[in-house]
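This report refers to the structure that appears directly beneath it.
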Amino acid sequence: MTVPFIDFREQYLAIKDKVDSGLAGVFERGAFILGQEEKDFERDFAAYCNVKYGSGVNSGTDALYLALSALDIKPGDEVILPSFTFIATALCVSYVGAKPVFVDVDETTYNMNPERFQAAITPRTKAVIVVHLYGQSADMTEIAAIARQHHIKIVEDAAQAHGATYQGEKIGSLGDVACFSFYPTKSLGAFGDGGMVVTDDEKIHEGVQMLRDYGRKGRYEHVIKGHNSRLDTVQAVVLNAKLPLLDSWNEQRRNVAAHYAEFLQGVNGLVIPAVRADRTHVYQTYALRIKKNRDKIVEEMKNKGIGVLIHYPIPIHLQEAYAECGYKRGDLPVSEKLAEEVLSLPMFPHMKKDQVGYVAAALKALI
Ligand SMILES: Cc1ncc(COP(=O)(O)O)c(C=O)c1O
Numbered sequence: 003m004t005v006p007f008i009d010f011r012e013q014y015l016a017i018k019d020k021v022d023s024g025l026a027g028v029f030e031r032g033a034f035i036l037g038q039e040e041k042d043f044e045r046d047f048a049a050y051c052n053v054k055y056g057s058g059v060n061s062g063t064d065a066l067y068l069a070l071s072a073l074d075i076k077p078g079d080e081v082i083l084p085s086f087t088f089i090a091t092a093l094c095v096s097y098v099g100a101k102p103v104f105v106d107v108d109e110t111t112y113n114m115n116p117e118r119f120q121a122a123i124t125p126r127t128k129a130v131i132v133v134h135l136y137g138q139s140a141d142m143t144e145i146a147a148i149a150r151q152h153h154i155k156i157v158e159d160a161a162q163a164h165g166a167t168y169q170g171e172k173i174g175s176l177g178d179v180a181c182f183s184f185y186p187t188k189s190l191g192a193f194g195d196g197g198m199v200v201t202d203d204e205k206i207h208e209g210v211q212m213l214r215d216y217g218r219k220g221r222y223e224h225v226i227k228g229h230n231s232r233l234d235t236v237q238a239v240v241l242n243a244k245l246p247l248l249d250s251w252n253e254q255r256r257n258v259a260a261h262y263a264e265f266l267q268g269v270n271g272l273v274i275p276a277v278r279a280d281r282t283h284v285y286q287t288y289a290l291r292i293k294k295n296r297d298k299i300v301e302e303m304k305n306k307g308i309g310v311l312i313h314y315p316i317p318i319h320l321q322e323a324y325a326e327c328g329y330k331r332g333d334l335p336v337s338e339k340l341a342e343e344v345l346s347l348p349m350f351p352h353m354k355k356d357q358v359g360y361v362a363a364a365l366k367a368l369i
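Have a look at this one:
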């Protein structure tokens, strides 16, 4: 047996008819940019997140960039974020000319450690970017209390957590503004790049609406130097077809995770993901920890035809791109340890129990 890291086929078959007819409609009407399907998706995805406004953009990276721009984060400002995340969480801070301040994460949830956040605050701190890594919410109560006390804006990087909940509330509604990615491998993935900024704040919404569309007010009246970053109508057709299925696909992901837990719980040398009681995990990524020889095990798993990946092998504070910040090994010990231990196993909604069993047995044997 071979098991791919992700198999999109059954998801595609579930939406094929809707996508085929939806695309034909877009092609016939020729409404490719900010067409009706795009507006429908903004409305429905914002409602799904339980917030008022949504702006479809090019990518999750642009969603973060435009959100920080709309918050008026600029050179001289500091933005606090976890180091153990995808590089885009930091790139957006650099794009607006602010200084990224990296903090360590919690060893069991992989998410930002609120105490580390508090300790990193300075008079220049203007925003915190909270990442809900792999599909589980960060500790929002603690983080929001600290942020409020210091008048710091909260940006949720929800690129990996579509549909996850925290104390019964939807991810995307827990900060000042939230940013999603619809990159194909995400739980809600387009057939190309895409992203969205959602918020309850009218001013932020209006800012993002302008920023994503050349900074225009009327057709050729430009009030700010904006960008070209809009979600294609064609991608919105795909996302409209997928959105009604997201909750059931997330449930299927949780079932796959439960099967992994059944096979792998208690195996020496391995730590399976921990889920806090007050939140639902959506397992965009199923990342566990291997205490020894992780890299060798990755190679062997690949040799057996099992798709595995490492999210992420180098924490951002040690990336060459951020050498200018002057961090060194040992500065953020939990992030550095996780980077050496995490391993992402195959995870997709339609993964069969025998596939999970095969992956788990191979992993156990190697350990
Ligand atoms: C945590 C996180 N933030 C931001 C992004 C950027 O999203 P995109 O690839 O759509 O630019 C991603 C995904 O790639 C991500 O995983």
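In our numbering, the protein residues as written are 3 to 369. All C-beta atoms in this analysis are idealised placements derived from N, C-alpha and C, irrespective of residue type, glycine included.
Alpha carbon to alpha carbon, how far is residue j from residue i? Give it in angstroms, no decimals.
i, j, result
"G165", "A48", "11 Å"
"M349", "D9", "9 Å"
"F119", "D79", "16 Å"
"E208", "A243", "27 Å"
"V316", "E223", "The question names Val, but residue 316 is Ile in the sequence shown. Answer to the nearest angstrom: the Cα atoms are 44 Å apart."
"S231", "N60", "5 Å"
"I274", "G307", "22 Å"
"M212", "A238", "19 Å"
"P125", "A140", "24 Å"
"F43", "C181", "15 Å"
"A160", "I173", "7 Å"
"P6", "E158", "30 Å"
"K330", "Q267", "35 Å"
"Y185", "D195", "5 Å"
"Y67", "V95", "7 Å"
"V361", "V200", "37 Å"
"L334", "S85", "8 Å"
"F193", "R31", "20 Å"
Does DSSP put residue i in a helix, in a strand, or in coil?
i, result
"G62", "helix"
"A180", "strand"
"R214", "coil"
"N257", "helix"
"R118", "helix"
"H1", "Outside the modelled stretch of the chain, which goes from 3 to 369, sits residue 1, for which no answer is possible."
"Y50", "helix"
"G56", "strand"
"A33", "coil"
"V133", "strand"
"Y329", "coil"
"K252", "The sequence as given places Asn at residue 252; Lys does not occur at that position. In this structure, N252 counts as helix in the three-state DSSP scheme."
"E322", "helix"
"D297", "helix"
"E39", "helix"
"D234", "strand"
"Y14", "helix"
"I308", "strand"
"Y168", "strand"
"L25", "helix"
Candidates the options: which alpha carbon is nearest residue i's?
i, options, result
"N113", "L83, A121, K244", "L83"
"D234", "G58, D46, K101", "G58"
"K355", "A180, E264, V81, A122", "E264"
"L73", "T287, V98, Y136, Q13", "V98"
"T110", "L365, A362, S337", "S337"
"E343", "L272, A364, L334", "L272"
"C51", "I369, L93, L190", "L190"
"I312", "N295, L365, V300, S250", "V300"
"M303", "L340, D249, A367, K294", "A367"
"I131", "A33, L93, E39", "L93"
"V21", "V236, A363, L334, T282", "V236"
"H152", "H134, Q138, A129", "A129"
"T63", "T87, A26, G197, K54", "G197"
"L1", "K54, E12, E326", "For the chain, the structure presents residues 3 to 369; residue 1 sits outside this window and is missing."
"V240", "E39, L340, H283", "E39"
"A363", "A325, Y314, A341, H261", "H261"
"N257", "G24, Y288, E322, D215", "Y288"
"P102", "G228, Q357, G359, Q321", "Q321"
"L247", "A16, R11, M3", "A16"
"D373", "R278, T91, K293", "Past the boundaries of the shown model lies residue 373; the chain is included only from 3 to 369, so the question cannot be answered."
"R11", "M353, A146, A163", "M353"
"K339", "F29, I292, I226", "I292"
"T167", "L70, A325, E30, E253", "E253"
Which residue marks the beginning of the beta strand (DSSP E) containing residue i, and which one marks its end?
i, result
"R218", "218-220"
"L83", "80-84"
"Y288", "288-292"
"D159", "155-159"
"S346", "344-347"
For the alpha helix (DSSP H) containing residue i, list its first residue and its last residue.
i, result
"M198", "Element bounds for M198: not the alpha helix (DSSP H) but the beta strand (DSSP E), 197-201."
"P246", "P246 -> no alpha helix (DSSP H), and no H or E assigned at all."
"P102", "Per DSSP, P102 belongs to no alpha helix (DSSP H); it is in the beta strand (DSSP E), 101-105."
"S96", "90-97"
"G359", "355-368"
"E144", "142-151"
With distances taken from each beta carbon to the nearest heavy atom of ligand 1, which residues come in below 6 Å, in chain order? S61, G62, T63, T87, F88, A90, T91, V133, D159, A161, Q162, S183, Y185, D195, G197
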